[in-house]
Amino acid sequence: MELDDKYFMRMALNEAEDAYAEEEIPVGAVVVLNDRVVAKGHNLTETLKDVTAHAEMMAITAAANALGAKYLQECTLYVTLEPCLMCAGAIAHAQIKTLVYGAPDPKRGYSVFTDGKFPSKAEVRNGVLSDECAALLKKFFNERRK
3 MELDDKYFMR MALNEAEDAY AEEEIPVGAV VVLNDRVVAK GHNLTETLKD VTAHAEMMAI
63 TAAANALGAK YLQECTLYVT LEPCLMCAGA IAHAQIKTLV YGAPDPKRGY SVFTDGKFPS
123 KAEVRNGVLS DECAALLKKF FNERRK
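Shown next, in the form of structure tokens:
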């Protein structure tokens, strides 16, 4: 049975909820190979005091370790928010085959800086569970602004 994008994006949303519970910006990511999750990650920038500890970076590192390979050429990365330019670069360097993301990031997403073009040959699919992904982020930031 081939699993669909919504199935894996829900797993990424679970990671985002973990980040939310840890008072991190709620972004989650999973790396999938042959319909099997090989790695998960969520934002840990506050916990680690590291601006590079984005969900995508955590998941890419975990996938590389799990697979024993620096290139993830047959993998799909699911992430709840459009990757920033740093993460887009890491996705390109890891040679990830497919990127699937939920909500757009009109302030810091890669598309703001690249005229909408992803900086690698990766196939990009967006808008998967976009409303749910955006709602968790909105809830988080509304709570912080009170």
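Here the sequence shown stands for residues 3 to 148, where the numbers follow our numbering. The beta carbon of each residue, even a glycine, is placed where N, CA and C say it ideally should be.
Nearest to residue i (by Cα), restricted to the options the options
{"i": "P106", "options": "V29, K8, M13", "result": "V29"}
{"i": "P121", "options": "G91, I98, T47, E26", "result": "G91"}
{"i": "E76", "options": "F10, K148, L35", "result": "L35"}
{"i": "K119", "options": "N144, E24, C86", "result": "C86"}
{"i": "T49", "options": "E25, V33, D37", "result": "E25"}
{"i": "G70", "options": "V53, T47, K51, A96", "result": "A96"}
{"i": "C88", "options": "T116, L138, D133, K99", "result": "Looking at the sequence itself, residue 88 is Met, so the reference to Cys does not match. Measuring from the Cα of M88, the nearest candidate turns out to be T116."}
{"i": "V32", "options": "R127, A65, K141", "result": "A65"}
DSSP state of residue i mapped onto helix, strand, coil
{"i": "D112", "result": "Asp is not the amino acid found at residue 112; the sequence shown has Tyr there. Here Y112 sits in helix by DSSP."}
{"i": "N16", "result": "helix"}
{"i": "L35", "result": "strand"}
{"i": "H56", "result": "coil"}
{"i": "A68", "result": "helix"}
{"i": "N128", "result": "strand"}
{"i": "A61", "result": "helix"}
{"i": "L5", "result": "coil"}
{"i": "C77", "result": "coil"}
{"i": "K42", "result": "strand"}
{"i": "G91", "result": "helix"}
Rounded straight-line distance, which links the Cα of residue j to that of residue i
{"i": "R110", "j": "L101", "result": "17 Å"}
{"i": "D7", "j": "V130", "result": "7 Å"}
{"i": "C135", "j": "G104", "result": "6 Å"}
{"i": "F10", "j": "E125", "result": "16 Å"}
{"i": "V40", "j": "N144", "result": "33 Å"}
{"i": "I93", "j": "A55", "result": "14 Å"}
Whole-angstrom C-beta distance between residue j and residue i, which should lie under 8 Å
{"i": "D57", "j": "N45", "result": "For the record, residue 57 in the displayed sequence is Ala; it is not Asp. Sure, about 5 Å apart at Cβ, within 8 Å."}
Near the ligand ADP: residue i beta-carbon under 6 Å from a heavy atom
{"i": "D52", "result": "What this structure holds is no ligand at all, so the ligand ADP is not there to describe."}
Stretch-stretch touch, CB-based, cutoff 8 Å, three pairs: the segment 108-125 with the segment 60-71
The way I'd put it, the segment 108-125 doesn't touch the segment 60-71; fewer than three beta-carbon pairs between them come closer than 8 Å.
Does the segment 16-36 come into contact with the segment 80-98, if we say contact requires no fewer than three beta-carbon pairs (one atom in each stretch) closer than 8 Å?
Contact holds: three or more Cβ-Cβ distances are below 8 Å.
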